[in-house]
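Asker: Those protein sequence lines, which keep their order, are chains A and B. First residue of the first sequence? That's 1 in UniProt numbering, and the numbers climb one at a time after it. First residue of the second sequence? That's 1 in UniProt numbering, and the numbers climb one at a time after it.
2 protein chains.
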Amino acid sequence: MNNNLRYLFNPDSIAIIGCSPNAKKIGGRPLDYLIKYGYKGRIYPINPNYQEIRDLTCYETIKNVPGEVDLAIIALPQKLVLSTFQTCIEKKVKSVVIFSSGFSEVGDLGKQEQDQLTKLAKENNIRILGPNCLGLFNVRKGMYATFSTILEEDAPIQGGKIGFVSQSGAFGSHVFTLARQHHIGFSHFVATGNESDIDVADCIQYLAEDEETDVIACYIEGAKDGKKLIEAFQLAKQKKKPIVILKVGKTDVGMKAAMSHTGSMVGSDEVYDTIFRQYGVYRAHTIEEFIDVAQAFSELPAVNGNRVAIFTVSGGVGIMLADQVMENGLALPETPEDVQKRLKEMLPIASVKNPLDTTAQINFMPTLLEDFMEEVLESGQFDSAIAFLGFAGLKTDSLNTRIKSLLKIKAKFPQIPLVTVTLNNPASKKLFYEKGLVVNEDPTRAVKMISALYKLGKNMEPVQPEIQRENKDVNLYDIISSSSAELTEYASKQIVAQYDIPVTKEILAKSEKEAVEFAEEIGYPVALKGMSPQILHKTEKGLVLLNVKDPQGVKEGFNHLKKIIDETEQADFEGVLVQEMLTEKSMEMFVGSKKDPIFGQMILVGLGGIYIEAFKDVAMRKAPVTTEMAKEMIEELKSSKLLKEFRGNAAYDVNALCELVSKFSYMIDTWEEEIEEADLNPTIVFRNGLGVKVADALMKLDKKSEVILM
Amino acid sequence: MNNNLRYLFNPDSIAIIGCSPNAKKIGGRPLDYLIKYGYKGRIYPINPNYQEIRDLTCYETIKNVPGEVDLAIIALPQKLVLSTFQTCIEKKVKSVVIFSSGFSEVGDLGKQEQDQLTKLAKENNIRILGPNCLGLFNVRKGMYATFSTILEEDAPIQGGKIGFVSQSGAFGSHVFTLARQHHIGFSHFVATGNESDIDVADCIQYLAEDEETDVIACYIEGAKDGKKLIEAFQLAKQKKKPIVILKVGKTDVGMKAAMSHTGSMVGSDEVYDTIFRQYGVYRAHTIEEFIDVAQAFSELPAVNGNRVAIFTVSGGVGIMLADQVMENGLALPETPEDVQKRLKEMLPIASVKNPLDTTAQINFMPTLLEDFMEEVLESGQFDSAIAFLGFAGLKTDSLNTRIKSLLKIKAKFPQIPLVTVTLNNPASKKLFYEKGLVVNEDPTRAVKMISALYKLGKNMEPVQPEIQRENKDVNLYDIISSSSAELTEYASKQIVAQYDIPVTKEILAKSEKEAVEFAEEIGYPVALKGMSPQILHKTEKGLVLLNVKDPQGVKEGFNHLKKIIDETEQADFEGVLVQEMLTEKSMEMFVGSKKDPIFGQMILVGLGGIYIEAFKDVAMRKAPVTTEMAKEMIEELKSSKLLKEFRGNAAYDVNALCELVSKFSYMIDTWEEEIEEADLNPTIVFRNGLGVKVADALMKLDKKSEVILM
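#1: Just confirm the distance between the C-beta atoms of valine 438 of chain A and leucine 300 of chain A, as a whole number of angstroms; I'd bet it's less than 8 Å.
#2: Pop quiz: alanine 309 of chain B and leucine 356 of chain B are said to be a contact at Cβ under 8 Å. What is the actual Cβ separation, rounded to whole angstroms?
#3: Quick one: which chain B residues come within Cβ less than 8 Å of glutamine 114 of chain A?
#4: Sort B:Val618, B:Lys341, B:Glu153, B:Tyr499 by Cα distance to tyrosine 666 of chain B and report the nearest one.
#5: What does DSSP give as the partner residue(s) for glycine 530 of chain B in the beta ladder?
#6: Around the C-beta of glutamate 566 of chain B, are 16 or more other C-beta atoms found within 10 angstroms, so that it is buried, or is it exposed?
#7: Does the beta-carbon of glycine 67 of chain A have 16 or more other beta-carbons within 10 angstroms, so that it is buried, or is it exposed?
#8: Along chain A, in chain order, which residues have C-beta atoms closer than 9 Å to that of glutamate 221 of chain B?
#9: Mind checking whether glycine 249 of chain B and glycine 226 of chain B have CB atoms under 8 Å apart?
#10: Which residue's Cα is closest to the Cα of lysine 240 of chain B: B:Arg277, B:Phe297, B:Leu246, B:Ser187?
#11: Quick one: grab the DSSP three-state call for residue 714 of chain A.
#12: As an exercise, report each continuous beta strand (DSSP E) stretch of at least 3 residues that is fully enclosed by the segment 63 to 108 of chain B, in chain order.
#13: Going along the segment 160 to 174 of chain B in order, which residues come within less than 9 Å of chain A, judged by CB to CB distance?
#14: Secondary structure at serine 13 of chain B, three-state DSSP: helix, strand or coil?
#15: Check the DSSP bridge columns for valine 503 of chain B and list the partner residues they point to.
#16: Just how far apart, CA to CA, sit isoleucine 14 of chain B and threonine 84 of chain B?
#17: Mind listing the chain B neighbours of threonine 251 of chain A? Cutoff is C-beta to C-beta under 8 Å, in chain order.
#18: Do serine 593 of chain A and valine 685 of chain A count as a contact pair if the criterion is CB distance below 8 Å?
#19: Where cysteine 218 of chain B and leucine 246 of chain B are concerned, what is the direct C-alpha to C-alpha distance, given to the nearest angstrom?
#20: My assumption, with CB atoms under 8 Å, is that tyrosine 611 of chain B sits in contact with lysine 455 of chain B. Please give the rounded CB distance.
#21: Which same chain residues, not among the five before or five after valine 421 of chain B, have their C-beta less than 6 Å away from its C-beta?
#22: Quick check: is the beta carbon of alanine 695 of chain B nearer than 8 Å to any beta carbon in chain A?
#23: Under 8 Å, do asparagine 304 of chain A and serine 451 of chain A count as touching if we go by C-beta distance?
#24: Report buried or exposed for methionine 265 of chain B, applying the criterion of at least 16 other Cβ atoms within 10 angstroms of its Cβ.
#25: Using 8 Å for Cβ pairs, my map puts isoleucine 17 of chain A next to leucine 109 of chain A. What's the rounded Cβ distance?
#26: Hey, quick one: how far does the beta strand (DSSP E) through threonine 420 of chain A stretch, first residue to last?
#27: Is there at least one Cβ from chain B nearer than 8 Å to alanine 614 of chain A's Cβ?
#28: Rounded C-beta distance between alanine 284 of chain B and valine 244 of chain B? I'm assuming under 8 Å.
#29: Could you tell me which residues DSSP pairs with glutamate 677 of chain A in its beta bridges?
#30: Below 7 Å on C-beta distance, what does valine 248 of chain A contact in chain B?
#31: Three-state secondary structure (DSSP) at proline 624 of chain B?
#32: In whole angstroms, give me the CA-to-CA distance for glycine 135 of chain A and phenylalanine 147 of chain B.
#33: Give the residues from the segment 530 to 545 of chain A that approach chain B closer than 8 Å (Cβ to any Cβ), ordered along the chain.
#34: Can you tell me whether aspartate 617 of chain A is buried or exposed, with buried defined as 16 or more other CB within 10 angstroms of its CB?
#35: Measuring CB to CB, does leucine 545 of chain B end up less than 8 Å from leucine 528 of chain B?
#36: Go ahead and pull the three-state DSSP assignment for glycine 316 of chain B.
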């Protein structure tokens, strides 16, 4: 990074190029907001047609501005942008926001002009937000470099702790407005537009370091630089700032829409999902979940465990909440017996086990709610609480009584996150906000909030130190004899074997005589496989012979396989692989890697054989993967049951499998540029203590590597 | 049913026993509502302490009432209920609502008294709603037999078409209030309480026949009579009234809460889920989904297909909607090219493929929305539409412009369901309602509404005529030789074979000599299995010998197996089963039945072997199952891929499998009382055209059957 984003997010001086005295115009709105919401820095309107705008001196060009300019807003027609930007460079402006559209989003010509902006920015140490962007604002500083209409009528909520980054201005404006209706405040709002320079990852990094921001909320359609995004996630985690992301473009159709909407490249959604989980980012799937979870992170204390106490005025909603608590990975322990007894004394008709149903009696006993909550939470057996109050929020009397109770409980148990659920109107919503109580109208959404806090708590735990495997002195290209980027089973296994990954006992025979010698050495029966870099699907071509039992069989087999290859056009004969037969009781697994265009090498593990395709039971991580992480991957598989003691079957050697996955992942990481795809399939897992063996393998190198090989 | 529910839901005369002049009291509230909301029938307050209440003559007891009483409300302390009910019987009252609590929900004593009420009601042709219930109301008739507070301040929405049945009064009140906030109206509201007589199924049946009800919404915790509930579902379907259900008690913890909340027995949730799907009931999982879908069914036209057009002012929300449309089983076809061209002419910067993004330009071109929508919908390529308008709903100007456009489109395309999505305040919500437009604040929820309409459309298709299989003249008890309720493989297969279900070739040998004879007849190799009704897990006991190749082996095998059984305490020796070995290429499946305590015989199909437990890949239906339904079951399985042509493998004989499942289901249905559980596992499916064979089977009879066998 050539300069930091302080000048953008927190400038001491702002020039508005294309400034207008009309607050309804794009060039007038920022000035209006800056004045209205009390920006304390210097403001320089720039417009050759005015001497003065709203009592501020107006300058003909930015060059005439007397002082330094931290941030220049460019609100001009597209054709003037490039030359104006050059003037900004001359003026040594630190950063610019370009509102103007007509760049990469409209096609090649626009893209070229945008690329020029990018190049100039890099060369001249000036940062660009946009073009084609709605701008940004910093609420605490009253800094509004945006033409969004969302601030025309209502001010933003003050004191918010959520930093909000959006790749879409319209989406961001919508979410901002919705959040404001619910009195949820943001510290910053930034729409990144075409991301010619500053992207979402840059903004996350800035907000991770920002003292006024506790939580980072992001809307993204796709990242161009996966590595940078991961670094931003890691920084946020280190700074203990949770991130909640809404990423769209999940399905193929959604992705197509994403590509026509922005110029960004959209990676496969499962990879994003993996990256988010691996780096502790909470992924929301709907707008409701997005703002609910951001609010939970910013307004509730961290939760210490998964035990939820449910207080309800409706048995029915209590049962529904109980279902949803369990479905979201939380727990609903029974109230301790002594507490139950005391609650029953208070109200014999109450349900006291958890959910705790105070019934409609709550309307006649004003302290019932606080008495129940106090008894239950004091037991120390619960980490969070949900209070369902029906439509009490709509009735002034009951609302005031309940709020009194809730405040008492909040004061007494400040460490316990509490979400109140009740129907609301604008007045009662405001009252809850002013009292510092978190309220939602829907019970299901309250459970999601608590569940997100709990998942987050686990994500924020310090990362385990990565086991650094020793650097192997292996040169990929020394091993490969052919010039094809697609490697045979033999070549692929030669490579993995260099990394101490156990493979089947096997030797490549170049002649009939060698084949027999090797078979004797390995021991009968053997498998024979014809190797040709041009024929990778051996079985379909009839290049696999199993259970060959004697020298005569080996001789005939060798010649048969060689003949098939020789008769195949443009196929080179590499040799015949003489291989041991595996007969021990075992489980077939699949271990592989795939180079994602955004995030790089991803490691995959799953059940092998035909079942993987039917059940899509695959776990994924970004490489490298420690053995601990590999264990987590195996645990994620539904089929992991089959690897354990099961129906009287002994367990399989999961430890050896994890060790293999980890070694493989470090190998892939070492050659992250060179290896395009690798499959160890099947990887045979024997009974506990008996290890693993790669029975077949395939590897495909990057096209660039092919050039090296030639 | 001894009398219909007309007197309850639509009475011409109502007596209120325990009536009070105080509208805040339980006995006063119904009278207050009846007067306030204009009930046209006769009202008889009953209370010995008053001559008159609110200008109506008050009677000492119901016996003094001069005319007939269709409905009596009992609002008295528990101890007076039974005697009062007896007086109602004497007065020949048609139906009663009992508000009073203190019955089955408080324990055995209360249960006994409730049982007396039930008995008296049946004997005297009088219907009871409750006890322990909030009552009911009929909006059109101004008939309020409830003490719920939800009508104290605000009237219900008039003209609603949703009939709402709830097993929980508090839940019902909450949903009613929430719906009213969104201007969603109900035709009826009924809370069934302890269901001593009238239950949810009765209410569904009444509402299915009711002319003012188009949609039935139910909250349930559990049904006691599954058969009756299914009949109610079938009646509603026949009357083309969609049902949306929110059923709680899904998880074990939820179910425990359900049991402590009501006296109802809660069946396993997967069975409920199956029944809902099988009988065309839409299951909602959250309160939001519940009211959204009920609203969609009641206010939108039926949808003719799955093709959705998305209109949006935010590209980002457009992508999100595209994702969700696909995830919900809907389609998002591209706009026809000629239409795209015309749209581009209107607005070059628009996205015109679908999602259709009008961009913020919509603010400057007042007819842009209607012009876009008209062009697109006129193509005839779309069945429904979603219009996302951001926060337009909060700004009076833009709101009015948009509503004008939407009304024009609604008038022009009345057959196309249209959901508008925008942020709202109470005033704008009201405006949408008054204009007859369906609006929601959340895009995801709008997709769910359209998706529910589409699923419903398919569910409402006429049911295929059931293939009635011929009645077999089979007597279960003739076949069974032992006196145990648990049948051996041999006995179980003897039974299924009577129903033309193919089983392995096999004969039960009682002696060594017979065993050899049979083996010769079947052909070597054979399998030998020791049969004892007391030993059902044969493999674990070593009672299975495979691949027995000659007479000597058969002799030795017979004696070996007999010895194991003879040496097992309390095990009867039934014989040794001599069985063919199956060697052809095949797939192992699992076919079974399970008697659910609520809904009776459920048929299950899944992948056999160890995988079923790991992947829980099972399809379920209530018996009987036609071959068409069996085909649907197979299609539901993830593993159905493995039965089809797959990786060059030929397909397996799915038709024969479906035929087997159907025959099995009819057999189970015939013996629905007698058979507790049956497993055909594995059922071997051969290659296409080669059929199926049951390789092993187990059956367990109902305990009652055991008595017959003895």
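Note that the Cβ used here is the ideal one computed from N, Cα and C, for glycine as well.
Answerer: So, from the data block:
#1: 6 Å
#2: 7 Å
#3: Per Cβ cutoff of 8 Å: no residues; glutamine 114 of chain A is ~16 Å from chain B at best.
#4: B:Tyr499
#5: B:Val576
#6: The amino acid at residue 566 of chain B is misidentified as glutamate; the sequence shows aspartate. Burial call: exposed.
#7: exposed
#8: Gly315, Gly316, Ile319
#9: no
#10: B:Phe297
#11: Since the first and last residues shown for chain A are 1 and 710, residue 714 of chain A lies out of range.
#12: 71 to 74, 95 to 98
#13: Ser166, Gln167, Ser168, Gly169, Ala170, Phe171, Gly172, Ser173, His174
#14: strand
#15: B:Val694
#16: 15 Å
#17: Ala322, Asp323, Met326, Glu327
#18: no
#19: 6 Å
#20: Not quite, the Cβ-Cβ distance comes to about 29 Å (not below 8 Å), so this is no contact.
#21: Phe388, Asn440, Pro443, Ala446
#22: no
#23: no
#24: Per-residue confidence for methionine 265 of chain B stands at a pLDDT of 37, beneath the threshold of 50, marking its modelled position as unreliable; no derived number is given.
#25: About 23 Å separates the two Cβ atoms, so there is no contact after all.
#26: 418 to 421
#27: yes
#28: 6 Å
#29: A:Lys594, A:Lys700
#30: Gly316, Ile319, Met320, Asp323
#31: coil
#32: 55 Å
#33: Glu540
#34: buried
#35: yes
#36: helix
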